[in-house]
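In the working numbering, the protein residues as written are 348 to 648.
Ideal placement from N, C-alpha and C gives every residue a C-beta, glycine not left out.
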Amino acid sequence: MNALALTNIKKSFGNFVAVDDLSLEVPSGSIYGFIGPNGSGKTTTIRMIMNIFNADSGDIEVLGSPRQETDNDMIGYLPEERGLYKKMKIRELLQFYGELKTGHSVNKEVDAWLEKLELSEWSSKKVEALSKGMSQKVQFISTVISHPKLVILDEPFSGLDPVNTNVLLQAMLELQKGGATIIFSTHDMATAEKVCDYVFMIHKGKKVLDGTLSEIQDKYGSDTLRIRCENKAVGLDSISGVEHVHDFGQAQELRIASNADPQQILRELMKTNVLLSFELMKPSLHDIFVRIAGAKEVEHV
């Protein structure tokens with residue numbers, strides 16, 4: 348059974364089409380990444396799944412039932428706009444949210460999650476005393492404290508440092524092992540590559556990618572050369588067969604033409620550079636994202 352099935356859904360705001368004829372299936376028990384530039388339709392899609400917006404047309408099924416018949420308590424939702432009662436103490440807040448969802452005490456679950464996300468020492472503090480990263484972790488706990496079968500996270504890593512991002516990722520993987528399906532939108536392509544079973548990309552309201560990372564990369568083939576040079580690489584743009592250069596500072600990725608010979612490009616590179624490494628590879632999800640959305644649209648991603 349799919350945890351979520353969207354069939355030809357559409358949503359417009361006046362003359363602006365935010366989501367256009369979108370169909371999507373999210374297998375139960377998977378981690379499914381939603382990616383796309385700002386304003387592409389990700390959050391609008393999530394809000395239709397959550398029944399915050401009604402689709403203009405099309406069908407939405409959640410956990411095997413039409414959306415209107417699905418018990419909201421089966422879904423955990425972390426919205427992009429965070430909202431916690433700032434004057435409440437953390438433990439009391441989480442107990443309140445948990446009991447509101449489940450109808451029974453969740454004290455043991457609260458203690459377990461506070462320890463898991465390294466917040467036990469802060470349990471008696473008010474929310475207003477927390478850093479942005481800590482508040483984010485509290486919001487995450489409030490989303491999953493009721494053991495939802497479907498967890499929807501809109502930009503869950505926003506504001507988190509690498510250590511806390513990893514803590515949250517491990518928590519997500521544990522939820523998946525427990526049988527939950529997780530959908531999360533993100534601008535962090537590296538994280539999506541590492542943890543997502545499937546990746547869906549929406550651009551200007553339309554689905555442009557959908558599948559496993561391998562399936563998506565296979566569409567492009569091994570058309571990327573990743574190199575590292577002893578000093579700053581020079582002359583890359585002038586090499587025949589190199590269509591685009593993405594400079595990461597310490598390393599560069601060269602997109603090569605379909606008829607280009609990587610060995611010939613290597614020979615040309617070595618004329619003006621001392622190479623430390625040279626790898627022919629499939630494009631990264633970040634590179635695919637940029638190819639589809641355009642560099643100007645993702646400058647801040």
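Discussion item. Using a 10 Å radius around the Cβ and a threshold of 16 neighbouring Cβ atoms, would you call L351 buried or exposed?
Written reply: Per the 10 Å Cβ criterion, buried.
Practice prompt. Note down the Cα distance separating V645 from M548, rounded to an integer number of angstroms.
Written response: At V645 the pLDDT is 45, less than 50, meaning the model places this residue with poor confidence; the figure from the coordinates comes in the next sentence. The C-alpha of M548 is placed about 13 angstroms away from the C-alpha of V645.
Worksheet entry | Pair within 8 angstroms by beta-carbon distance, F650 and I382 | With the chain covering 348 to 648 only, the question about residue 650 has no answer from this structure.
Discussion item. What does the alpha-carbon distance come out to for the pair A365 and L556?
Written reply: Whole-angstrom Cα-Cα distance: 17 angstroms.
Fill in: Where the alpha helix (DSSP H) through G405 begins and ends
Residue range 404-409 is occupied by the beta strand (DSSP E) that includes G405, with no alpha helix (DSSP H) assigned at that position.
Worksheet item: Once you ignore the five residues that flank Y444 on each side, which residues in its own chain have a CB closer than 7 angstroms to its CB?
Response: Closer than 7 angstroms at Cβ, skipping near neighbours: S489, I492.
Discussion item. From the DSSP secondary-structure annotation, give me the bridge partner or partners of P503.
Written reply: As computed with DSSP, P503 is found in no beta bridge at all.
Worksheet entry | Option nearest L515 by Cα separation, candidates H534, G480, N606 | Selection H534, G480, N606 evaluated against L515 yields G480 as nearest (Cα-Cα).
Item to complete: Mind checking who P413 pairs with in its DSSP beta bridge?
Response: DSSP, once it has assigned bridges, lists E408 as partnering P413.
Worksheet item: Are the beta-carbon atoms belonging to K358 and A402 less than 8 angstroms from one another?
Response: It is a contact, given that the beta carbons lie within the stated cut-off.
Worksheet entry | DSSP beta-bridge partners of D594 | Paired residues: Q599.
Worksheet item: Taking the alpha-carbon positions, what's the G582 to N620 distance?
Response: The C-alpha of N620 is placed about 9 angstroms away from the C-alpha of G582.
Worksheet item: In the DSSP assignment, what are the bridge partners of Y545?
Response: DSSP, once it has assigned bridges, lists Y379 as partnering Y545.
Item to complete: Work out the CA separation of D501 and R573 for me, nearest whole Å.
Response: In a straight line, the C-alpha of R573 is about 32 angstroms away from that of D501.
Worksheet item: Run through DSSP, which three-state label would V645 get?
Response: Residue confidence for V645 is low, a pLDDT of 45 falling below 50, so the modelled location carries little weight; the figure read from the coordinates is stated next. In the three-state DSSP reduction, V645 falls in the helix class (H, G or I).
Discussion item. Suppose the cutoff is 8 angstroms on Cβ atoms and the five residues either side in sequence are ignored; what does the same chain contact list for T390 look like?
Written reply: Closer than 8 angstroms at Cβ, skipping near neighbours: E427, D501, S532.
Practice prompt. Determine, using beta-carbon pairs with one atom in the region 517-532 and one in the region 368-387, whether at least three such pairs fall under 8 angstroms.
Written response: Contact holds: three or more Cβ-Cβ distances are below 8 angstroms.
Worksheet item: Taking the alpha carbon of D570 as the point to measure from, which residue in L369, N606, M397 has its own alpha carbon closest?
Response: The residue with the shortest Cα to Cα distance from D570 is N606.
Item to complete: Kindly identify the DSSP beta-bridge partner or partners of A352.
Response: When beta bridges are read from the DSSP output, A352 appears opposite E372, E408.
Fill in: Span separating the alpha-carbon of H647 from that of S452
At H647, the pLDDT of 42 sits below 50, so the modelled position is not reliable; the number obtained from the coordinates is stated separately. So the two alpha carbons sit approximately 43 angstroms from each other.
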